[in-house]
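A.B. asks:
In mature numbering (1 follows the signal peptide of the UniProt record, and there is no 0), the protein residues as written are -23 to -1, 1 to 433.
In structure tokens:
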């Protein structure tokens, strides 16, 4: 049966799902006419967003597009997109800002404003932007800020760094919603506690009054240490007795599905013995019993699939493997694949949908969709274009410390913190890697503890 893994290889056509794809940047030499053509494209896009994005017209003067430095605009090929990078004029030598306009199939799919505030920022911004696009560390002292210029427009994140070490992270959701502990109308931020030059940084969520600075509440979240380690305040998962019928219903459905287990067993073999990713997509179509197999290229940590292969409202679930060198937990590209299936209306029933990974490190996990609108909001914010997806990858590593160097248990906890902090609307299940027939929902409760829901 393993021979199936080498039989099907599909070429991406219109819509692509890319798992943990690499990032390469290629400069595009400009002639003057191209420069002004790109400038007009940027101006047209920004002008179209002026009445969609609150405050777009006055943040940098009369209007943002009037601040463009036309002579510095360039276009590059990057990932699956083309980027127009347009610098903004500034009289402040310690501040540099660039508009990134992302195109696919010659159509704009998103705009993002990147700002660097630091001593001599004009000299640093180019290097930091290149580090960001290539998913390398931000290695300066100052502030890095990203603002969405689409999807209603709002600040996405703001990092304060000291010699590349993260001291403060402020993350904003599209609807400004927070977790259950948030107080209405009270902004919050994530702040680092302790010596930033030490080995460990402790993160707390602070609820405060932005006008007076009064702190209403400080909530411990987790600790990140150089070289791995750290964790939540409880250290380990805790048994927690309360009723979660819906979560347990999904856990039981996976446990009792013998076909699901048999397909996952094939992916387990691939994770441990093959050098490529493979995926099973389960649909309500009769061909192949509803199961469709896709495989990636050797030594490539991604799979490309044509979304048009799936009828609307047909996909019931998806599972894939991470072979040696891949994450022990879901990657950003995995989340993006899940989001793409939802936003292109391929999912039959979000309440019953499952997205599973099994890894070379001996872990297997499943995600479910508990709140469709929250997951759509999260995806619209972080997964709807390549630039925002890289911003989320940056949060993975810089803010949460998710890394291949960590123990799988550490990555699991860090990933669950990200899910909870980001209000994703997703549910998280840990599977039994040995037998593949046991699944346990894990949630972060109101006391900020990770708890296992004992399903029977």
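Where is the CB? At the ideal position from N, CA and C, for every residue including glycine.
State buried or exposed for residue 133, treating a residue as buried only when at least 16 other CB atoms are found within 10 Å of its CB.
C.D. replies: Per the 10 Å Cβ criterion, buried.
A.B. asks: Which residue comes first and which comes last in the beta strand (DSSP E) that contains residue 345?
C.D. replies: Residue 345 -> beta strand (DSSP E) spans 341 to 346.
A.B. asks: In the DSSP assignment, what are the bridge partners of residue 269?
C.D. replies: DSSP, once it has assigned bridges, lists 258 as partnering residue 269.
A.B. asks: Tell me the rounded alpha-carbon separation between residue 145 and residue 368.
C.D. replies: For residue 145 and residue 368, the distance between alpha carbons rounds to 16 Å.
A.B. asks: Could you check where the beta strand (DSSP E) with residue 293 kicks off and where it finishes?
C.D. replies: Counting along the chain, the beta strand (DSSP E) containing residue 293 begins and ends at 292 to 299.
A.B. asks: Here's a check: name, in chain order, each residue in its chain whose Cβ is nearer than 8 Å to the Cβ of residue 66, leaving out the five neighbours to either side.
C.D. replies: Answer for residue 66: 44, 45 and 46, listed in chain order.
A.B. asks: Going by Cα to Cα distance, which pick from 401, 260 and 342 is closest to residue 245?
C.D. replies: When only C-alpha atoms are compared, the closest one is 342.
A.B. asks: Less than 7 Å between the beta carbons of residue 271 and residue 256, yes or no?
C.D. replies: Yes, the pair counts as a contact, with Cβ atoms nearer than the cut-off.
A.B. asks: Which residues in the same chain have their Cβ closer than 6 Å to the Cβ of residue 227, if we skip the five residues on either side of it in sequence?
C.D. replies: Counting only Cβ-Cβ distances below 6 Å, and skipping sequence neighbours, we find 345.
A.B. asks: Keeping to the same chain, check which residues put their C-beta closer than 6 Å to that of residue 318; ignore five residues upstream and five downstream.
C.D. replies: So the qualifying residues of the chain are 292 and 324.
A.B. asks: With the cut-off set at 7 Å, would you say residue 366 and residue 309 are in Cβ contact?
C.D. replies: It is a contact, given that the beta carbons lie within the stated cut-off.
A.B. asks: Give a yes or no on whether the C-beta atoms belonging to residue 49 and residue 64 are separated by under 7 Å.
C.D. replies: Closer than 7 Å, so yes.
A.B. asks: Which word fits residue 445, buried or exposed, when buried means at least 16 other C-beta atoms lie within 10 angstroms of its C-beta?
C.D. replies: Residue numbering for the chain in the displayed model covers -23 to 433; residue 445 lies beyond these limits and cannot be assessed.
A.B. asks: Between the Cα of residue 422 and the Cα atoms of 393, 357 and 375, which residue gives the shortest distance?
C.D. replies: Looking at the Cα atoms, 393 is the closest of the given residues.
A.B. asks: Across which residues does DSSP place residue 90 in a beta bridge pair?
C.D. replies: Answer by DSSP bridge pairing, in chain order: 76 and 124.
A.B. asks: Report yes if the CB atom of residue 115 is closer than 7 Å to the CB atom of residue 138, and no otherwise.
C.D. replies: Yes.
A.B. asks: Any idea if residue 354 is buried or exposed, counting beta-carbon neighbours within 10 angstroms, 16 or more meaning buried?
C.D. replies: It counts as buried.
A.B. asks: Nearest to residue 98 by CA position, among 419, 120 and 417, is which residue?
C.D. replies: Of 419, 120 and 417, the residue nearest in Cα terms is 120.
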